[in-house]
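So the sequence shown is numbered by the working numbering: it starts at 41 and just counts up by one.
Let me begin by presenting the structure, written as structure tokens, before commenting on it.
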Amino acid sequence: MILLLAAYLRLANVATNPAWYTDEGTHLEIAGQLLTGRAQYLAINQPWLLVSRLPLFEGLLASVARFNGVSMETLRLLTGSLGVVTVGLLYAVVRQISRDRSLAVLAAGLLAIYPPAVLYSRFGFSYNLLAPLLLLCLLGTAKYAVCGSKHWLAVASLSIGLGTLSEVWMFVLFAPFMLIVLICNWRDLLWSLPLALLPFGGYAAIMLATAPQIFLFDVRFVLSRVNQLPLDRQVATIWQNVSTLCAQDVWMIAGPIGLLRLKSPRVRWIGLALFAIPFVLLGRTTALFSLSFYYLIPLLPWVALGVASLIRYGVPWLSRRLLRRIHALVEVEQSARINWFNLLVAIPLAIILLISTVGLVRQVRDGFHTDIDGFLLDPIAVQSTAAFVNGQVVASDRVIASPTLAWLLKAQVADMQMPLAYQGRATPHLPADIPPDRWAFDPSVEQARFVIVDNLWRNWAVPNVAGVADMLQEIERWPIVLRSGELVVYQNPEEQ
Numbered sequence: 041m042i043l044l045l046a047a048y049l050r051l052a053n054v055a056t057n058p059a060w061y062t063d064e065g066t067h068l069e070i071a072g073q074l075l076t077g078r079a080q081y082l083a084i085n086q087p088w089l090l091v092s093r094l095p096l097f098e099g100l101l102a103s104v105a106r107f108n109g110v111s112m113e114t115l116r117l118l119t120g121s122l123g124v125v126t127v128g129l130l131y132a133v134v135r136q137i138s139r140d141r142s143l144a145v146l147a148a149g150l151l152a153i154y155p156p157a158v159l160y161s162r163f164g165f166s167y168n169l170l171a172p173l174l175l176l177c178l179l180g181t182a183k184y185a186v187c188g189s190k191h192w193l194a195v196a197s198l199s200i201g202l203g204t205l206s207e208v209w210m211f212v213l214f215a216p217f218m219l220i221v222l223i224c225n226w227r228d229l230l231w232s233l234p235l236a237l238l239p240f241g242g243y244a245a246i247m248l249a250t251a252p253q254i255f256l257f258d259v260r261f262v263l264s265r266v267n268q269l270p271l272d273r274q275v276a277t278i279w280q281n282v283s284t285l286c287a288q289d290v291w292m293i294a295g296p297i298g299l300l301r302l303k304s305p306r307v308r309w310i311g312l313a314l315f316a317i318p319f320v321l322l323g324r325t326t327a328l329f330s331l332s333f334y335y336l337i338p339l340l341p342w343v344a345l346g347v348a349s350l351i352r353y354g355v356p357w358l359s360r361r362l363l364r365r366i367h368a369l370v371e372v373e374q375s376a377r378i379n380w381f382n383l384l385v386a387i388p389l390a391i392i393l394l395i396s397t398v399g400l401v402r403q404v405r406d407g408f409h410t411d412i413d414g415f416l417l418d419p420i421a422v423q424s425t426a427a428f429v430n431g432q433v434v435a436s437d438r439v440i441a442s443p444t445l446a447w448l449l450k451a452q453v454a455d456m457q458m459p460l461a462y463q464g465r466a467t468p469h470l471p472a473d474i475p476p477d478r479w480a481f482d483p484s485v486e487q488a489r490f491v492i493v494d495n496l497w498r499n500w501a502v503p504n505v506a507g508v509a510d511m512l513q514e515i516e517r518w519p520i521v522l523r524s525g526e527l528v529v530y531q532n533p534e535e536q
């Protein structure tokens with residue numbers, strides 16, 4: 041029943057609800073190129089580390105798209121299915137490490153209806169692949185710590201290693217993993233750490249053998265993006281993340297508190313380490329809310345587990361405390377009265393969760409409204425715009441558009457940052473010194489036949505990418521050939 045509910049909330053009407061986000065277009069563009077035998081992202085060849093996209097998720101998406109087509113529905117069905125798998129896996133992992141079936145059922149049920157977990161599974165974010173891998177790491181390290189099983193430690197190592205082939209995010213997990221192994225038996229680190237590094241090491245070896253300059257350039261760029269803020273700024277950034285997330289979502293308060301109430305001391309500190317250390321390492325330099333909330337997708341099962349623990353163990357504790365105050369002479373062992381008190385405390389929680397679930401069902405039917413709506417594109421407007429442009433271009437024509445719709449266009453497409461990077465100007469996601477042979481074509485504005493401007497240009501690129509405002513001013517002198525919702529298509533007067 042829980043899995044059916046999780047599947048409905050994550051998979052129903054998913055192709056157009058919620059509206060489309062730019063990172064989803066990035067995945068679809070890369071997967072589409074892979075199906076044609078090319079490693080390319082828009083105007084850039086061999087894009088992997090340069091655009092923070094690694095081959096595991098993109099290859100998985102391309103494999104699924106081979107049967108279901110390159111479409112937003114395919115991408116979101118994949119990530120939604122990963123979300124359902126995560127719900128089921130959370131039950132299995134918690135049952136194994138806690139031996140408490142009630143806690144496992146409650147944790148899985150809460151994750152199934154946790155609003156951010158539902159919403160961000162419906163988006164086509166590759167971080168949804170990390171969530172089940174992180175749970176396997178929890179299972180492996182907990183079993184290793186409790187039983188000393190090297191087989192389970194190998195499972196944890198390989199789950200981290202596979203994750204590093206999908207997202208750079210997974211490298212932050214090495215810190216808690218190494219800490220756990222060092223505390224249990226430092227000698228096991230001598231083989232488990234190389235095992236965790238093996239998958240990415242294999243990928244690095246292949247890249248160094250086939251395209252060493254590309255790989256080393258991209259590694260240097262990724263390392264340069266690791267923000268070296270002074271310590272006081274890092275502390276301030278962590279506090280901003282904690283205060284903002286807690287103000288927006290009471291689950292973010294209850295979750296960590298509940299993790300502290302897990303019964304097994306080893307499971308408790310391992311769970312906290314795998315949640316808190318990645319949160320701090322990510323949150324010291326990066327915002328983890330608004331447009332960047334997707335960084336927390338792998339940690340959302342921990343929030344659900346913490347809330348489940350707080351309910352499972354906190355409600356009886358609260359009942360006993362209240363019963364002692366109200367009936368000072370009544371023994372705690374009088375289970376009938378305690379059970380009635382548990383019920384009285386649990387009923388308001390159940391009502392709140394039911395109301396939240398009903399709200400989610402309505403949003404599945406009528407449409408999700410999110411904090412990032414100003415950066416999303418209406419699917420109908422995107423599809424009609426793409427159909428219009430595709431009717432005007434040939435494969436050699438050049439178009440500049442956001443990734444959200446670029447993957448739909450049958451032309452040579454670049455996004456709004458690429459013309460600037462081609463001119464030698466750094467942008468938030470591209471360096472200034474990309475080698476000439478990495479460019480598949482010249483993405484300059486002057487070479488474009490059409491430029492498609494949308495709310496991502498206005499709401500994100502103009503305030504955050506130096507040079508976009510001037511570029512947009514120049515483009516707005518061109519004739520408008522189509523308006524569709526918030527999308528405006530400009531045609532280069534030299535190409536008319």
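Every residue, glycine too, gets a C-beta built ideally from N, C-alpha and C.
Check                                                                                                             : Outcome
Residue span of the alpha helix (DSSP H) that contains Q487, given as start and end                               : Premise fails: Q487 is in no alpha helix (DSSP H) and is neither H nor E.
Beta strand (DSSP E) runs contained entirely in the region 179 to 232, provided each spans 3 or more residues     : none
Same chain, Cβ closer than 7 Å to L369, five either side skipped, listed in chain order                           : Confidence at L369 is low in this model, with a pLDDT of 46, below 50, so the placement of that residue is unreliable and no value is reported for it.
Beta-carbon spacing of P341, L130 below 8 Å                                                                       : yes
Limits of the unbroken beta strand (DSSP E) element including S524                                                : 520 to 524
Of the listed residues V125, P156, S92, W60, nearest to M115 (C-alpha basis)                                      : Residue 115 is actually Leu in this sequence, not Met. Considering only alpha carbons, the answer is W60.
Sub-8 Å separation of T204 and A171 beta-carbons                                                                  : no
Beta-carbon spacing of L213, I200 below 8 Å                                                                       : yes
I70 - DSSP class collapsed to helix/strand/coil                                                                   : helix
8 Å Cβ cutoff, F428 in contact with chain C                                                                       : No chain C appears in the structure shown, which is made up of a single protein chain.
S50 and G123 closer than 8 Å at C-beta                                                                            : Note on identity: in this sequence residue 50 is Arg, with Ser being the wrong assignment. The answer is yes: Cβ separation under 8 Å.
Where W497 sits in the DSSP three-state scheme                                                                    : helix
When Q457, S524, L299, Y462 are compared against A509, the one with the closest alpha-carbon                      : Q457
With 16 other Cβ atoms within 10 Å as the buried cut-off, status of F303                                          : Correcting the residue type first, residue 303 is Lys in the shown sequence and not Phe. So K303 counts as exposed.
Per-residue DSSP class, three states only, for H328                                                               : It is Leu, not His, that sits at residue 328 in the sequence shown. Residue state, collapsed to three classes: coil.
Contact test: I392 Cβ vs the ligand NAP heavy atom, cutoff 7 Å                                                    : Of the ligands one can find in the structure shown there are none, so the ligand NAP has no counterpart to examine.
For L417: DSSP bridge partner residues                                                                            : W60
Candidates I153, G242, Q423, T62, of which the one nearest G525 by Cα                                             : Q423
Which residues DSSP lists as bridging Y81, in chain order                                                         : I84
Span of the alpha helix (DSSP H), counted from its first residue to its last, around R260                         : 252 to 264
Separation of P87 from P475, as counted between CA atoms                                                          : 12 Å
R306 beta carbon less than 8 Å from that of V186                                                                  : yes
Nonlocal neighbours in the same chain, by C-beta distance under 7 Å from P155, ignoring five residues either side : S396, L400
Other residues of its chain near Y353: CB distance less than 6 Å, five sequence neighbours each side excluded     : R301
Inter-residue Cα distance where the pair is A251 and P234                                                         : 23 Å
Length of the line joining the Cα atoms of V54 and R402                                                           : 14 Å
L470 versus L460 - alpha carbon distance                                                                          : 9 Å
Closest residue to L237 among A194, P270, L271 (Cα-Cα distance)                                                   : A194
Cα-Cα separation, I254 to T62                                                                                     : 25 Å
Top-ranked residue by Cα proximity to V502, from P468, E535, R517                                                 : P468
Host beta strand (DSSP E) of V453 (start-end)                                                                     : 452 to 454
V372 burial status per 10 Å Cβ neighbour count (16 or more: buried)                                               : Because V372 sits at a pLDDT of 47, beneath the cut-off of 50, its placement in the model cannot be relied upon, and the following sentence gives the value as read from the coordinates. Exposed.
Residues bridged to Q531 [DSSP beta-bridge criterion]                                                             : F490
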